[in-house]
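Take the position in the sequence shown, starting the count at 1, then add 76; the result is the number in my numbering.
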Amino acid sequence: MQYDFSSTPSSDLFDKILLITFILGFIFILSTKIPLSAQPYKDPSFSLDDRIEDLISRMTLEEKVGQMTQLDITMVNNMGDQSDVSLDSEKARTLLQEHHIGSFLNGEAVPAQQWLEYITELQRIAVEETRLGIPIIYGIDHMHGASYLSRSTIFPHNINIGATFNTDNARQNGKITALEAGPLGHVWNFAPVLDLGRNPYWPRVYETYGEDPYLASELGVAYVNGLQAKYEQFPYQIAATGKHFLGYSVPRSGWDRTPVDLSMQTIHEFHKPSFQAALDAGMKTIMLNSGEVNGIPVHASKELLTDLLRKKMGFDGVILTDWADIQKLYDYHRTARDYDEATFQAIDAGVDMSMTPDSLNFNESLIKLVQNGNITENRINESVRRILKLKYELGLFEHPYPSGEGIENIGSSTHKAIALRSAQESMVLLKNKDNTLPLSKDIKNILVVGPSANSKRNLSGGWTLAWQGGSEEQYPESAKTITEAIQDQFPSSEVTSLDSMGEPGTRTRSDFDKAANEADVFIVAAGEEPYTEFVGNITDLELPKEQLDLIKTVNTFGKPTILVLIEGRPRVISEIVDDTDAIIWAGLPGFEGAKAIADVISGDVNPSGKLPFSYPQYVGYFVPYNHKPSASYHFDSEVANNIEQDDETIVEWEFGHGLSYTEFSYDNLTLSKAKISENESIEVQVTIKNTGRRTGTEAVLWFVSDEVGKISRPVKELIHFERVELKPGASRKVSLSIDPKEDLTYPDFDGNPVLEEGYFKIRVGDKVKRFYLDLAGKKQS
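Following this line, the structure appears as structure tokens:
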């Protein structure tokens, strides 16, 4: 039976209901454009792969290339200046709607609310005013805390974290950076630096964890785990970026962005491990070395990016260029004839995203290359998949906007206390003649002199508030200078400070002489002013002459002199070492650094830091601790053939050097076996005792030496470290298990592990023991 709705008494009402339903449905369709069930890329019930493939299928070539582009803040702000964290909405609309840009970066230290408003509006335009609504991902260089944010917690730089030999300090650095920057939408952090600080001339040494690959691996993994963890303050996650892949830190000249020559065996043994460890820990992105390795710019090296990083190391995340480095392929390295060829080289090598950063040249070039058939759209899809996967995995499609939650905790006392502990543990006491330190709180007159005596910015170095470090007035009142911290620590003392001694006959010099004559002790705050990258290139590793002259003059007064080195790399000071009573390497300890220095000088903190690099004695000779035997050549054959002296070289202080206000002894080094096979482990144990009069912490460093290898072996290699706190008279047994396949192998030129029969040595403290690895007849030829 059929019903004639028009003839029923309720047909008018029914027609109205139908009309209203139709109108509401039409409005819903218009508001969503396509029903959610027909938009898998927006629907979290679909698999990640399905969502990505659905979105790629909807994208035009121009939209795909836009996702591969990262532009600087100056392209979307009002003033066109790095410090201007404000959005010009029309500029943003043009770049997002017409050029489909997928990422932005940069800025300087402004209040949290300002960052919040800027990124929220930028993201809103991307999500709500573009065809597909793909969220942008914002990148920033929060190198040691949320360093581009006002009132944030600023940790010591990585070189100081290395000196602590404490993975928790690296983890907390990552965690607190996430907690303070994450609520603002800073979801892509360009850290950690996983390069090795093996050339002291290189101006970015302080961004590294030191010269050792094992130390850099352990601390890098801890940082990544801290940064990339899930936190309640925001529903998305933060991506860490390992940089700068690969070999960036050892240029022949020592200058930034200059050529590197490395054998593939050296790359596998020294420069790959820290990156591999971080990738295995889940690090999501990589930034590239701006220089060239073995004649090929890394940005154009298929061997390094595709064959090594992708295929051998198993990395499936996003590869990002450094600043304008595709352009540099043709106007700096000159491996390309023009920008188009440079773009082809980079994309063909394996680059996913170009930090362009201040033009649309990359977009225009890449679109043209695809349209001309030089690059396939399938190759573009590979990179876009990785970029979209990153955004999905971080949670940006479901939670694109900054949460803003917890911003009241930025720079909290709890966070600062953790940064202070890191700074305290990083102080390295290099020399302490006749127990000059700690100073008595009853001392009457203290003179603090030197260029870092009254400078806050010197304590934090580059990448702090601004690229080259903010101006002095930008630093918060809560951050102390060394002079202020000394005054706080010695409230009963008369503390005087001068930045320099001036020339003879000047008022400054007469002031200095008067203060020096009245002083009971000198604290010389020497070192470097902030710098990073090529701005920090130098031609002489020696501490500047005027500072050496100041130290020499102070030493002539016959009073105790304490030298505090505020520096991003080891500056040579050999000519004043013998005459200076106490020397503290303070590195770049951050906003809490002045207090950490004063705590060590006063004795409230017993120093426990150890050098994460070899401190050079001469400006023209420097080798890392894990050098090859031939790097320390002795003409005297008796010295050369003495196996107990094969790790000696010419340094001021060796890797791992660091004194304490107490003494530690190492005794009873024992091995569970004198001979092992490749499938056996060996248990090693040593007793550490505090033989001094106060509680102290010893960083216990374990080294292995392979006496003979087909490829010449380093004289020793760090394989484990741990911190041990002991009260006076207390002792503790510390043990280590050595697995031959993990601890005794080394890579060949293809990166394959090599395990050879023969004698090895285990070293800890001043103790050494030999053992034999028996490969059941597989003798070394």
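For each residue, glycine too, the CB sits at the ideal point set by N, CA and C. A quick note: this is a predicted structure, and the numbers were derived from the prediction, not measured.
Same chain, Cβ closer than 6 Å to Ser498, neighbours up to 5 away in sequence not counted: Residue 498 sits at position 422 when you count from the first residue of the sequence shown. When the five nearest sequence neighbours on each side are left out, the beta carbons in the same chain lying within less than 6 Å of the beta carbon of Ser498 are those of Phe231, Pro232, Asn245, in order along the chain.
What residue range does the beta strand (DSSP E) around Ile642 cover? As a position in the sequence shown, residue 642 is number 566, starting the count at 1. 637–642 is the span of the beta strand (DSSP E), which, as asked, contains Ile642.
Buried versus exposed, by CB contacts within 10 Å (16 or more), Gly449: Working through the sequence shown from its first residue, we reach residue 449 at position 373. With fewer than 16 Cβ atoms within 10 Å of its Cβ, Gly449 is classed as exposed.
Is Trp44 helix, strand or coil when you go by DSSP? Limits of the chain in this structure are 77 at one end and 857 at the other, which puts residue 44 out of reach.
Phe610 in three-state terms, based on DSSP: The sequence position of residue 610 within the sequence shown is 534, counting from 1. Here Phe610 sits in helix by DSSP.
Please work out which residues of its chain come closer than 7 Å, Cβ to Cβ, to Thr243, disregarding the five sequence neighbours upstream and downstream, and give them in chain order. Here residue 243 is taken as the residue at index 167 of the sequence shown, counted from 1. Taking C-beta separations shorter than 7 Å and ignoring five residues to either side along the sequence, the partners of Thr243 in its chain run Glu294, Leu295, Ala298, following chain order.
C-alpha gap between Gly768 and Lys517, whole angstroms: Translated into positions along the sequence shown, residue 768 becomes position 692. Translated into positions along the sequence shown, residue 517 becomes position 441. Gly768 and Lys517: Cα-Cα distance of roughly 21 Å.
CB contact flag (Asp401, Ser366, <7 Å): As a first step, residue 401 is located in the sequence shown; it is residue number 325 there, counting from the start. As a first step, residue 366 is located in the sequence shown; it is residue number 290 there, counting from the start. Their beta carbons are under 7 Å apart, which means Asp401 touches Ser366 by this criterion.
Tell me the rounded alpha-carbon separation between Ala292 and Tyr285. Start at 1 with the first residue of the sequence shown, and residue 292 comes out as number 216. Start at 1 with the first residue of the sequence shown, and residue 285 comes out as number 209. Whole-angstrom Cα-Cα distance: 5 Å.
Look up Lys843 in the DSSP assignment and say whether it is helix, strand or coil. Within the sequence shown, numbered from 1, the residue matching residue 843 stands at position 767. Of the three classes helix, strand and coil, the one that applies to Lys843 here is strand, per DSSP.
List the whole-angstrom C-beta distance separating Ser858 from Phe310, where the pair is believed to meet the contact cut-off of C-beta under 8 Å. No answer is possible for residue 858: the residues shown for the chain start at 77 and end at 857.
Of all the options Gly603, Asn613, Ser569, which has the alpha carbon lying nearest to the alpha carbon of Glu594? As a first step, residue 594 must be located in the sequence shown, where it is residue number 518. Shortest Cα-Cα distance from Glu594 to any of Gly603, Asn613, Ser569 involves Ser569.
For Asp148 and Gly318, the rounded distance between their alpha carbons: Working through the sequence shown from its first residue, we reach residue 318 at position 242. Working through the sequence shown from its first residue, we reach residue 148 at position 72. Going by the C-alpha atoms only, they are around 20 Å apart.
Over the uninterrupted alpha helix (DSSP H) stretch that includes Leu384, give me the two end residues. Here residue 384 refers to the residue found at position 308 of the sequence shown. For Leu384, there is no enclosing alpha helix (DSSP H), as DSSP marks it with neither H nor E.
Determine the DSSP secondary structure at Ala658, reduced to helix, strand or coil. Against the sequence shown, residue 658 aligns to sequence position 582. Ala658 falls in the strand class under three-state DSSP.
Across which residues does DSSP place Ser528 in a beta bridge pair? Position 452 of the sequence shown, counting from 1, holds the residue named residue 528. Answer is none; Ser528 lacks a bridge partner.
Can the beta-carbon of Ile627 be found less than 7 Å from the beta-carbon of Ile599? Along the sequence shown, one-based indexing puts residue 627 at 551. Along the sequence shown, one-based indexing puts residue 599 at 523. Not closer than 7 Å, so no.
Start and end residues, alpha helix (DSSP H) containing Lys167: As a first step, residue 167 must be located in the sequence shown, where it is residue number 91. Residues 165–169.
State the beta-bridge partners of Phe836 as determined by DSSP. For the purposes of this step, residue 836 is taken as the residue at position 760 of the sequence shown. Beta-bridge pairing links Phe836 to Asp782, Phe847.
Give the single residue among Tyr737, Gln158, Val780 whose Cα lies nearest to the Cα of Lys803. Taking the sequence shown and counting its residues from 1, the one referred to as residue 803 is at position 727. Cα-wise, what sits closest to Lys803 is Tyr737.
In the DSSP output, which residue or residues are listed as bridge partners for Gly178? Locating residue 178 in the sequence shown gives position 102, counting from the first residue. Residue pairing from DSSP leaves Gly178 without any beta-bridge partner.
How many angstroms separate the CA atom of Gly669 from the CA atom of Thr229? Numbered from 1 along the sequence shown, position 593 holds the residue referred to as residue 669. Numbered from 1 along the sequence shown, position 153 holds the residue referred to as residue 229. Computed Cα separation, rounded: 12 Å.
C-alpha distance - Tyr214 paired with Val263, whole-angstrom precision: Residue 214 sits at position 138 when you count from the first residue of the sequence shown. Residue 263 sits at position 187 when you count from the first residue of the sequence shown. Tyr214 and Val263 have their C-alpha atoms spaced approximately 6 Å apart.
Using beta-carbon positions only, say whether Glu139 and His176 come within less than 7 Å of one another. Walking along the sequence shown from the start, residue 139 turns up at place 63. Walking along the sequence shown from the start, residue 176 turns up at place 100. Their beta carbons are under 7 Å apart, which means Glu139 touches His176 by this criterion.
With a threshold of 16 other CB atoms inside 10 Å of the CB of Tyr694, please say whether the residue is buried or exposed. Here residue 694 refers to the residue found at position 618 when the sequence shown is read from its first residue. Flag for Tyr694 reads exposed.
Taking only three categories from DSSP, how would you classify Trp191? Your numbering for residue 191 matches position 115 in the sequence shown. In the three-state reduction of the DSSP assignment, Trp191 falls in the helix class.
Between Val141 and Arg645, is the Cβ-Cβ spacing less than 7 Å? The residue labelled residue 141 in the question sits at position 65 within the sequence shown. The residue labelled residue 645 in the question sits at position 569 within the sequence shown. Result no, Cβ atoms of Val141 and Arg645 do not sit closer than 7 Å.
Taking only three categories from DSSP, how would you classify Lys509? Numbered from its first residue, the sequence shown carries residue 509 at position 433. Residue state, collapsed to three classes: helix.
Option in Val760, Tyr607, Ile395 with minimal Cα separation from Leu381: Translated into the one-based positions of the sequence shown, residue 381 becomes position 305. The residue with the shortest Cα to Cα distance from Leu381 is Ile395.
Specify the secondary structure class of Asn153 as computed by DSSP and reduced to three states. For the purposes of this step, residue 153 is taken as residue 77 along the sequence shown, with counting starting at 1. Reduced to three states, the DSSP call for Asn153 is strand.
Just to confirm the assignment, what range does the alpha helix (DSSP H) spanning Gly669 have? Numbered from 1 along the sequence shown, position 593 holds the residue referred to as residue 669. Note, Gly669: alpha helix (DSSP H), 669–678.
DSSP on Arg533, reduced to helix/strand/coil? Here residue 533 corresponds to residue number 457 of the sequence shown, with the count starting at 1. In this structure, Arg533 counts as helix in the three-state DSSP scheme.
Just to confirm before moving on: does the CB-CB distance between Val300 and Ala354 stay below 7 Å? Along the sequence shown, one-based indexing puts residue 300 at 224. Along the sequence shown, one-based indexing puts residue 354 at 278. In this structure, Ala354 lies closer than 7 Å to Val300 by Cβ.
Closest Cα partner of Gly209 within the set Thr582, Gly545, Glu474: Walking along the sequence shown from the start, residue 209 turns up at place 133. Looking at the Cα atoms, Glu474 is the closest of the given residues.
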